[in-house]
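Engineer: This is the structure, below, for whatever I ask next.
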Amino acid sequence: NRTYIDFLKLMKDNMGTYHVQMDFLGAIKTDKKSILTLTFPDLHYVMLFIVKSKNQIKIISLFDKIEKQIGINNFKIIFPCILTDRDPSFSDFISLETSTVTGEKRTNMFYCDSFNSSQKANVEQMNKQLRKFFPKGKSVDHLDQYDIHLVQDFINKQRILSLSGATPKEAFELIYGSEVQILLNNIVDHL
566 NRTYIDFLKL
576 MKDNMGTYHV
586 QMDFLGAIKT
596 DKKSILTLTF
606 PDLHYVMLFI
616 VKSKNQIKII
626 SLFDKIEKQI
636 GINNFKIIFP
646 CILTDRDPSF
656 SDFISLETST
666 VTGEKRTNMF
676 YCDSFNSSQK
686 ANVEQMNKQL
696 RKFFPKGKSV
706 DHLDQYDIHL
716 VQDFINKQRI
726 LSLSGATPKE
736 AFELIYGSEV
746 QILLNNIVDH
756 L
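Quick note, in this note's numbering, the sequence shown goes up one by one and the last residue is 756.
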């Protein structure tokens with residue numbers, strides 16, 4: 566019950582629910598670091614994280630840090646549903662979906678069909694935009710979370726026509742509140 570069609574059903578049954586798309590920006594094979602991209606398609610908002618030696622434990626740890634930073638209730642509101650690909654780092658859906666603090670379900674994980682990245686087109690488009698800052702074939706090992714945060718901040722402050730000229734940051738703050746946005750921006754630890 567975690568396929569793309571299951572995702573579409575959840576979205577239909579819960580009209581007005583926002584979702585998040587998750588992916589790694591492709592890195593060169595020798596890199597020890599990767600860039601994790603989280604996009605909020607309706608808001609054009611992006612969150613970027615440097616992940617050292619990516620694996621399931623690192624991704625679960627990131628989501629646990631986010632939950633601890635913003636609280637379980639805010640986590641459920643901001644991340645009600647996550648759509649991603651079948652990267653092995655995302656495969657432990659039970660741990661990703663479950664709060665380590667309360668034990669309750671904090672999100673719903675769904676996976677695109679194999680070899681069908683168009684099902685998560687927003688994050689794929691964002692990764693194309695990120696190539697302006699992180700060119701394909703260039704190492705990201707010299708970057709830290711601060712560097713990534715600067716790019717995230719630049720993207721989230723660009724005015725978007727489909728947001729009536731607002732920025733993604735402004736849209737995010739309008740929907741979720743500026744306090745939550747500030748808390749999310751304070752997650753800058755290396756993973």
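Even for Gly, the Cβ is constructed at its ideal location relative to N, Cα and C. Remember, predicted model here, so these are calculated numbers, not experimental data.
What are the boundary residues of the alpha helix (DSSP H) that Asp578 is part of?
Structural biologist: Numbered from its first residue, the sequence shown carries residue 578 at position 13. Counting along the chain, the alpha helix (DSSP H) containing Asp578 begins and ends at 569-578.
Engineer: Can you give me the C-alpha to C-alpha distance between Gln746 and Asp596, rounded to a whole angstrom?
Structural biologist: Position 181 of the sequence shown, counted from the first residue, corresponds to residue 746. Position 31 of the sequence shown, counted from the first residue, corresponds to residue 596. Using only the alpha carbons, I get a separation of about 30 Å.
Engineer: Are the segment 594-612 and the segment 659-673 in contact at 8 Å, needing three or more beta carbon pairs?
Structural biologist: Verdict: no, contact absent.
Engineer: Between Glu689 and Phe640, what straight-line distance do the alpha-carbon atoms span, to the nearest angstrom?
Structural biologist: For the purposes of this step, residue 689 is identified with residue 124 of the sequence shown, where counting begins at 1. For the purposes of this step, residue 640 is identified with residue 75 of the sequence shown, where counting begins at 1. When rounded, the distance between both Cα atoms is 23 Å.
Engineer: Taking 8 Å as the cut-off, does the segment 734-746 touch the segment 603-613 (at least 3 CB pairs, one atom from each stretch)?
Structural biologist: The segment 603-613, when compared against the segment 734-746, does touch it at the 8 Å Cβ threshold.
Engineer: Within 10 angstroms of the Cβ of Leu726, are there 16 or more other Cβ atoms? Answer buried if so, exposed if not.
Structural biologist: As a working mapping, residue 726 is identified with position 161 in the sequence shown. With fewer than 16 other Cβ atoms within 10 Å, it is exposed.
Engineer: How is the alpha helix (DSSP H) around Asn721 delimited, first residue to last?
Structural biologist: For the purposes of this step, residue 721 is taken as residue 156 along the sequence shown, with counting starting at 1. Here the alpha helix (DSSP H) through Asn721 covers 710-721.
Engineer: Name, in chain order, the residues that DSSP records as bridge partners for Leu648.
Structural biologist: Locating residue 648 in the sequence shown gives position 83, counting from the first residue. Per DSSP, Gln586, Phe675.
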